[in-house]
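Take a look at the structure set out below.
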Amino acid sequence: MKLYLDMCVYNRPFDDQSQHRIMLETRVFMILLAMIWEGQCKLVNSFALIYENSKNPNIENMLKISDLLGYSEEYVSYDISILDKSLEFEKFGLLGMDALHIACAQKAEVDFFITCDYNLIKKLKRIDNLGIKYYNIIDFISQEVFKR
48 MKLYLDMCVY
58 NRPFDDQSQH
68 RIMLETRVFM
78 ILLAMIWEGQ
88 CKLVNSFALI
98 YENSKNPNIE
108 NMLKISDLLG
118 YSEEYVSYDI
128 SILDKSLEFE
138 KFGLLGMDAL
148 HIACAQKAEV
158 DFFITCDYNL
168 IKKLKRIDNL
178 GIKYYNIIDF
188 ISQEVFKR
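In this text, residue positions in the sequence shown follow the numbering used here: the first is 48, and each later residue adds one.
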């Protein structure tokens, strides 16, 4: 199972854990990391994830996320086709980085794109024939992992 995790997933452990949803999403992220380390899932990294992480104002968090990105088995490098595809996605209301992440996930032919951004999920529903499945992290664990 090949996964592309949105940057908000990597940042979730550093968010305010007093909110139950955030705490649950963090726990699910830990389960996904365990599955990756055990070889049950393959993680995809990209130039877009590296770039977005480089803009993290908290250097300590940025370095921890960089370490996690290092567990990726595949890397999506920049090419013009990704930029072109992301511009198409922007027409559906996706913001620049979100559009780039989706284009990278498509390029890598991932099985699943996972995010904590519920607004992004709503926007993705507007796009026909996306070619990849997408989930918020909680729905992914319940519908794709625990169904097995």
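Virtual Cβ for every residue (Gly too), placed ideally from N, Cα, C. Predicted model only: the values in this text are computed from it and were never measured.
- The DSSP-derived three-state label of ASN183 is strand.
- GLY143 has its alpha-carbon roughly 27 Å from the corresponding atom of LEU80.
- According to the DSSP assignment, SER189 belongs to no beta strand (DSSP E), since it is labelled neither H nor E.
- By the neighbour-count criterion, in which a residue is buried when 16 or more other Cβ atoms sit within 10 angstroms of its Cβ, ILE184 is buried.
- Cβ neighbours of ALA95 within its own chain (closer than 6 Å, five residues either side excluded): LEU147, HIS148 and CYS151.
- Within the same chain, LYS170 come within 6 Å of LEU141 by CB-CB distance, once the 5 residues on both sides are set aside.
- For ILE168, the three-state secondary structure derived from DSSP is helix.
- As for any beta strand (DSSP E) of minimum length 3 sitting wholly inside the stretch 125-158, there is none.
- A Cβ-Cβ contact shorter than 8 Å links ASP164 with ASP53.
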